[in-house]
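Enquirer:
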Amino acid sequence: MKYQIYILIASSFVFYAYGQPYLLLLLLISASINAVVSYNVYFENIKKKKKFYALSGVVFNVAVLSFFKYSPMFGRIIEDFANLSTLGDFLITIPLPVGISFYTFQGISLVVDLYRSNHQNECPLFRVEKNFKKHYINTIFFISFFPQLVAGPIVKAYQFYSQIQIKELKDINFEKAFKILIVGYFLKMVIADNLKDQTFWMAYPYFEAFSSLTLLTLVFGYSMQIFSDFAGYSLIAIGVAKLYGYNLPKNFNYPYLSVSFADFWSRWHISLSSWLKEYLYIPLGGNRKGSYRTYVNLFIVMLLGGFWHGAALSYLIWGGLHGMLLVIERIVKDYISLPSNIILHFLKMLFVFTLVSFAWLLFKLPEFHQAWLYLNNLLYNWSGMHRKDILMLIFFYSIPIVLYHINYLCRRKMGKNYLDNSYIYAILLFLIITNSGSSSEFIYFQF
1 MKYQIYILIA SSFVFYAYGQ PYLLLLLLIS ASINAVVSYN VYFENIKKKK KFYALSGVVF
61 NVAVLSFFKY SPMFGRIIED FANLSTLGDF LITIPLPVGI SFYTFQGISL VVDLYRSNHQ
121 NECPLFRVEK NFKKHYINTI FFISFFPQLV AGPIVKAYQF YSQIQIKELK DINFEKAFKI
181 LIVGYFLKMV IADNLKDQTF WMAYPYFEAF SSLTLLTLVF GYSMQIFSDF AGYSLIAIGV
241 AKLYGYNLPK NFNYPYLSVS FADFWSRWHI SLSSWLKEYL YIPLGGNRKG SYRTYVNLFI
301 VMLLGGFWHG AALSYLIWGG LHGMLLVIER IVKDYISLPS NIILHFLKML FVFTLVSFAW
361 LLFKLPEFHQ AWLYLNNLLY NWSGMHRKDI LMLIFFYSIP IVLYHINYLC RRKMGKNYLD
421 NSYIYAILLF LIITNSGSSS EFIYFQF
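The opening residue of the sequence shown carries number 1 in our numbering; numbering runs sequentially from there.
(1) Hey, how far is the Cα of L8 from the Cα of F141?
(2) Enumerated in chain order, which unbroken segments of the beta strand (DSSP E) with a length of 3 residues or greater are wholly contained in the region 228-285?
(3) Per DSSP, which one or two residues make a beta bridge with M385?
(4) Please report the straight-line C-alpha distance between P95 and D197, rounded to a whole angstrom.
(5) Can you find the residues in the same chain that come closer than 6 Å, C-beta to C-beta, to L23, ignoring five residues on each side of it along the sequence?
(6) Does the region 387-403 come close enough to the region 187-194 that 3 or more CB-CB pairs lie under 8 Å?
(7) Rounded to a whole number of angstroms, what is the C-alpha to C-alpha distance between S291 and F358?
(8) Cβ atoms of F207 and V356: under 8 Å apart, would you say?
(9) Relative to the C-alpha of D229, which candidate in F68, S439, A10, N377 has its C-alpha closest?
(10) Which whole-angstrom value is the C-beta distance of G320 and L304, which I expect to be below 8 Å?
(11) For I453, count the other beta carbons within 10 Å of its own beta carbon; 16 or more makes it buried, fewer makes it exposed. Which is it?
(12) Is the beta carbon of F60 less than 8 Å from the beta carbon of I33?
(13) Would W360 be called buried (16 or more neighbouring beta carbons within 10 Å of its own) or exposed?
(14) Any idea what DSSP makes of F395, helix, strand or coil?
(15) Check whether the region 252-269 touches the region 339-352, counting contact only when three or more Cβ pairs, one atom from each stretch, lie closer than 8 Å.
(16) Taking 8 Å as the cut-off, decide whether the C-beta atoms of V155 and S38 are in contact.
(17) Tell me where the alpha helix (DSSP H) around P72 begins and ends.
(18) What do you reckon, are the CB atoms on S460 and P153 nearer than 8 Å?
(19) Might you give, ordered along the chain, the residues of its own chain that have their beta carbon closer than 7 Å to the beta carbon of E44, omitting 5 neighbours on each side?
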């Protein structure tokens with residue numbers, strides 16, 4: 001029993017090293033430095049030294065993330081404009097470690113929370129062990145815990161450290177864990193993996209041959225796919241962690257029912273949006289320094305959130321677009337009072353879903369000119385090829401996602417959860433076995 005944490009750490013290392021063995025060293029170095037820095041932040045009594053350690057930890061995590069994630073982008077810029085081909089070639093070859101965006105953010109949360117002495121009241125067990133060896137092991141475990149290591153949810157330190165203890169079988173809710181896993185695997189293997197065979201045709205130059213209606217349906221299909229893929233992974237991670245006695249934060253809360261873009265970001269990739277709010281938006285001033293500063297802060301946070309997803313112009317534009325929508329929405333909210341009724345509620349939901357879905361084009365087609373060309377074809381290519389098979393399959397595999405969201409409304413309004421039934425889970429398991437699509441990696445692995 002006393003070796004549980006060591007076994008989970010070893011398992012996490014094997015899991016991470018399976019695809020990129022040599023990058024396991026980077027994970028170990030990152031976790032080790034975060035352990036040393038956070039220990040000194042917690043126990044240092046001199047304010048200036050405490051601040052120095054905290055700043056060093058944040059700078060280290062940002063530097064590691066920037067070097068490995070954005071070096072290829074800078075390499076291409078150097079080759080194009082500075083004519084330094086040797087340096088450019090080197091930077092372009094820098095590998096992108098799986099999960100680096102997630103575990104560096106977790107390292108930042110550890111250092112910053114201990115510096116601020118945050119969350120001590122809500123999580124009294126969130127403390128640093130006086131014995132450095134114990135703290136080091138706990139930090140290695142926190143950074144490397146395999147269910148959420150490669151694609152989240154992003155776990156904040158205070159959410160995890162308080163759970164580090166010996167677990168017993170009687171403490172595990174196996175039924176709940178298996179239900180979560182069944183839904184997660186169903187979303188990924190049955191919905192996302194089947195939809196990907198249809199949204200494949202969104203790639204350039206294939207989409208140029210299709211009619212506007214087919215292109216519009218593909219946009220809807222990709223919106224369903226990216227939700228199923230990422231929400232599915234998050235549920236799998238949460239379910240697996242629960243089997244070991246650890247609770248990871250919810251990452252999705254029926255985002256396509258959102259009636260505003262602020263509402264959307266409180267429901268989509270919740271762990272990222274809450275991280276950005278807590279460690280970026282609030283330190284920038286949040287909404288405490290007047291309306292204009294609030295608008296600027298919203299835009300900056302979303303712009304950086306887009307850039308976090310990848311070193312490409314499309315991701316930057318995607319983040320800027322969401323930032324602009326949040327700002328416009330905030331201005332409207334500040335100066336215009338809209339009536340509330342069921343029709344307007346539905347129209348707002350449809351409006352948010354439509355714009356969010358079209359913004360996903362920048363994920364599917366990271367080359368910005370291709371996304372722009374796709375929109376142009378969608379507007380003007382009414383006489384193109386009409387693919388009824390694509391339309392039918394997309395709508396067929398989207399029905400469960402629609403029902404999934406509708407069931408949430410029924411649960412809220414009438415207190416009835418039609419999907420919480422053993423027969424439903426049996427059907428989902430049967431479909432996982434009999435109707436899974438061809439396997440593919442999770443979309444968020446690339447981030």
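Note that beta-carbon positions come from the ideal geometry of N, C-alpha and C, so glycine has one too.
Expert: Quick look at the numbers:
(1) Taking C-alpha positions only, L8 is separated from F141 by approximately 8 Å.
(2) Unbroken beta strand (DSSP E) stretches of 3 residues or longer found wholly inside the region 228-285: none.
(3) Bridge partners of M385: F210.
(4) P95 and D197 have their C-alpha atoms roughly 28 Å apart.
(5) P97.
(6) At 8 Å Cβ cutoff, the stretches touch.
(7) Rounded to whole angstroms, the gap between the alpha carbons of S291 and F358 is 28 Å.
(8) Cβ distance not < 8 Å, so V356 and F207 don't count as in contact.
(9) In this structure, S439 is the residue among F68, S439, A10, N377 with its C-alpha nearest to the C-alpha of D229.
(10) Contact between G320 and L304 is ruled out by a C-beta separation of about 10 Å, above the 8 Å threshold.
(11) There is simply no residue 453 to check, as the chain begins at 1 and stops at 447 in what is shown.
(12) Yes, the pair counts as a contact, with Cβ atoms nearer than the cut-off.
(13) When all chains shown are included, W360 counts as buried.
(14) Helix at F395.
(15) Yes, the region 252-269 touches the region 339-352.
(16) Contact: no.
(17) 47-77 is the span of the alpha helix (DSSP H), which, as asked, contains P72.
(18) Not covered by the structure: residue 460. The range shown for the chain is 1 to 447.
(19) Result list for E44: K50, Y53, in chain order.
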